Amino acid sequence: MLLVAGLSGMTVTADLFNMYVFLEITGLTAYALVAAGEDSRSTVAALKYLLVGTFGASLFLLGIGYAYVGTGTLNMADLAAKLADADPVLAQAAFALIVVGLFIKVAVFPLHTWQPDAYAGAPDTVSALISALVSTVAAYALLRVVYTVFGAGFLDSTPVARAILIGGAVVSIVAGSLLAVSQSEIKRVLAYSSVSQFGLILAAIAIGNDTALTGAAIHLVGHAVMKGGLFLTAGVVATETGARTIDEFDGLADRSPVAAGAFGVLAVSMVGVPPTVGFAGKWYIAIGAAEAGSWALLAVIVASTLLTLAYFLRLVERMFFRAPATVPADGRSDGAETPASSSTGMYATVVGATVCAVALGFGAFVYSTQMQATLTQLLS
Numbered sequence: 001m002l003l004v005a006g007l008s009g010m011t012v013t014a015d016l017f018n019m020y021v022f023l024e025i026t027g028l029t030a031y032a033l034v035a036a037g038e039d040s041r042s043t044v045a046a047l048k049y050l051l052v053g054t055f056g057a058s059l060f061l062l063g064i065g066y067a068y069v070g071t072g073t074l075n076m077a078d079l080a081a082k083l084a085d086a087d088p089v090l091a092q093a094a095f096a097l098i099v100v101g102l103f104i105k106v107a108v109f110p111l112h113t114w115q116p117d118a119y120a121g122a123p124d125t126v127s128a129l130i131s132a133l134v135s136t137v138a139a140y141a142l143l144r145v146v147y148t149v150f151g152a153g154f155l156d157s158t159p160v161a162r163a164i165l166i167g168g169a170v171v172s173i174v175a176g177s178l179l180a181v182s183q184s185e186i187k188r189v190l191a192y193s194s195v196s197q198f199g200l201i202l203a204a205i206a207i208g209n210d211t212a213l214t215g216a217a218i219h220l221v222g223h224a225v226m227k228g229g230l231f232l233t234a235g236v237v238a239t240e241t242g243a244r245t246i247d248e249f250d251g252l253a254d255r256s257p258v259a260a261g262a263f264g265v266l267a268v269s270m271v272g273v274p275p276t277v278g279f280a281g282k283w284y285i286a287i288g289a290a291e292a293g294s295w296a297l298l299a300v301i302v303a304s305t306l307l308t309l310a311y312f313l314r315l316v317e318r319m320f321f322r323a324p325a326t327v328p329a330d331g332r333s334d335g336a337e338t339p340a341s342s343s344t345g346m347y348a349t350v351v352g353a354t355v356c357a358v359a360l361g362f363g364a365f366v367y368s369t370q371m372q373a374t375l376t377q378l379l380s
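In this text, residue positions in the sequence shown follow full-length UniProt numbering: the first is 1, and each later residue adds one.
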C-alpha cells in the first residue's frame, strides 16, 4: 500500500517538495521489498540500494532548495512562471541537482550501480514490481520536472542542460546494452537492459518535441509491461526448472513451453519488432529525432535496437533451438529452494503481459493522439 501511495503521489502531485516526499516513501518501501529475500544477497543489495537511493534523494532535495531560494515557491506552475526571472546560477544549480538525483532513481549510467544488484538479489516478484513501476515513475517524474518546471525554453537557453540529458541518454543506451550482452545471469541481463531502455526514454526527453515525448510515454508504459513480464517469466522458469543463467535456458521450450513462448514474445517486443509496443515507442522517438534534425541521436537509437537484438537473440536461440540443459535443483525463486510448480495466477499474469505487449502495439497509432493531448495538458 505504501508503494502504491508513493507512486501515485509522484504521478499526480503539483508540488516539488511533495514529489520529494512521495519519492522517499517509494524508495523506503522498495528498499524493504528488496531486502525481503531469504539470503544475504538480498540484504546486501537492499543496503546498496538504500545508500545510493538516499544520496539521489538528497541531491533532489538540495535542488529543490535552490529552486525555492530563487523563486520563493515550490508549486510547479508557479516555478515555471518565476524561474525565467530567477538568478540563472540558482536555476542551473537546481536543474543539475534535481536531474542528477532523478538519474540515480531511474538508474542512468553511470549512476545505475544499485540497479543490477537490486534486481538480481530481490525476490522475483519484487524484481518485476521495481522494474515495472519504481524506475518507470521516476522517469515520468524526470519528464514532468524538465518540462513542467523548467520548460523547453530553459533547455534552449541553457545548452549544457540539454547536453546533460543527451550525454546520459547516449551513454546509458550503449553501456547498458554492452553490459547486458556480457552477463550470464538472466536477471542481470534484464537489469542492464533496463539501463539501456531508460536511456532511450531519456533521449526522447532530450529531443523534446511532441512526437518524441509521445514515444517516451508509450515506451514508459510498454517497458513496464514488457520488463515486468520478463522478470515474472524468469521467476516462473526459476521456480519450475531452477534455471537462472543463460546456459540453463537451453531447450526451455521443451521443458516449459508457455514460459518460453511468453519470454520469446516479450523479448521480441523489447527489440522493437512490429506490431509490438516496443516498436511503437521506438518508432515515435526515432521520428521525433528525425524531425528535430538530431541525426547522431537517431543513429544511436537505431544502434540500440541492434544491441538489444544481440542480447535477446542468444536467449531466444537457446530456448528454442538447443537441447534441454540439465539444471541442478538449487535454484531459488522467492524463497523456494527446489523447483516447484508455478501458480495459475503467475501464469495468467505472464500471459496477460505478453498479450498486452502485442495489443498495445496494435493500438499505439490510435491511442497516441490522445496520449499526446494528455501530455500537452500535463506538461503545460
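Glycine is no exception: its CB is placed at the ideal position from the N, C-alpha and C atoms.
Everything numeric in this text was worked out from a predicted model, so none of it was measured.
What does DSSP give as the partner residues of residue i in its beta bridges?
i           : result
residue 433 : This structure cannot settle anything about residue 433, because the visible part of the chain is limited to 1 through 380.
D15         : N75
E185        : T245
Please check the pair residue i and residue j, which I expect to be a contact at CB under 8 Å, by giving their CB distance rounded to whole angstroms.
i           : j    : result
L252        : A260 : 4 Å
S196        : I173 : 5 Å
S284        : T211 : Going by the sequence as given, residue 284 is Tyr instead of Ser. Contact holds; Cβ gap of about 6 Å.
residue 453 : S177 : Outside the displayed span of the chain (1 to 380) sits residue 453, for which this structure offers no information.
D247        : P324 : That pair is no contact at about 12 Å.
V350        : V236 : 6 Å
R188        : P275 : 29 Å between Cβ atoms; not a contact.
L190        : A238 : So it is not a contact: roughly 12 Å between Cβ atoms.
I301        : A280 : So it is not a contact: roughly 14 Å between Cβ atoms.
Could you give the distance in angstroms between the alpha-carbon of residue i and the alpha-carbon of residue j?
i           : j    : result
F320        : I186 : 16 Å
R255        : T241 : 8 Å
E337        : L33  : At E337 the pLDDT is 47, less than 50, meaning the model places this residue with poor confidence and gives no usable figure here.
L297        : L61  : 31 Å
L232        : N209 : 34 Å
F150        : L51  : 28 Å
H223        : D124 : 17 Å
K227        : S8   : 20 Å
A5          : D15  : 16 Å
T374        : Y31  : 32 Å
S368        : T73  : 34 Å
D330        : R244 : Bear in mind that a pLDDT of 48 at D330, under 50, signals an unreliable position, so the model cannot answer this.
Q370        : H219 : 15 Å
V268        : V316 : 9 Å
residue 381 : F365 : Residue 381 falls outside the range modelled here, since the chain spans only 1 to 380, and no answer is possible.
A86         : M19  : 22 Å
S294        : S184 : 35 Å
V99         : H112 : 14 Å
S193        : A80  : 34 Å
A46         : E291 : 42 Å
S127        : G53  : 16 Å
S333        : A180 : Here the model assigns S333 a pLDDT of 44, short of 50, so the residue's position is not dependable and the matter cannot be decided.
T136        : P88  : 30 Å
G335        : V44  : Confidence at G335 is low in this model, with a pLDDT of 43, below 50, so the placement of that residue is unreliable and no value is reported for it.
A35         : L129 : 14 Å
V225        : Y347 : 15 Å
S157        : Q372 : 25 Å
V145        : L97  : 12 Å
A299        : S40  : 42 Å
V355        : Y147 : 33 Å
W114        : T71  : 34 Å
L142        : V69  : 21 Å
CB residue i to CB residue j, shorter than 7 Å?
i    : j    : result
R162 : A217 : no
A138 : K105 : yes
I25  : L2   : yes
A91  : L83  : yes
A118 : Y49  : yes
L266 : A357 : yes
G215 : G288 : yes
A94  : Y66  : yes
G361 : V277 : yes
T305 : G345 : no
G101 : G56  : yes
A175 : F109 : yes
A353 : G229 : yes
S42  : G153 : no
I64  : F22  : no
Since residue i is in the alpha helix (DSSP H), which residue starts that stretch and which ends it?
i    : result
V302 : 295-321
G261 : 257-271
D117 : 114-121
T125 : 124-129
L111 : Neither: L111 is in no alpha helix (DSSP H) and is coded neither H nor E.
T276 : Here T276 belongs to no alpha helix (DSSP H), and DSSP marks it neither H nor E.
A152 : 151-157
Y140 : 135-144
Just checking: is the beta-carbon of residue i within a distance shorter than 7 Å of some beta-carbon in chain B?
i   : result
K48 : Absent here is chain B; the protein component of the structure consists of one chain.
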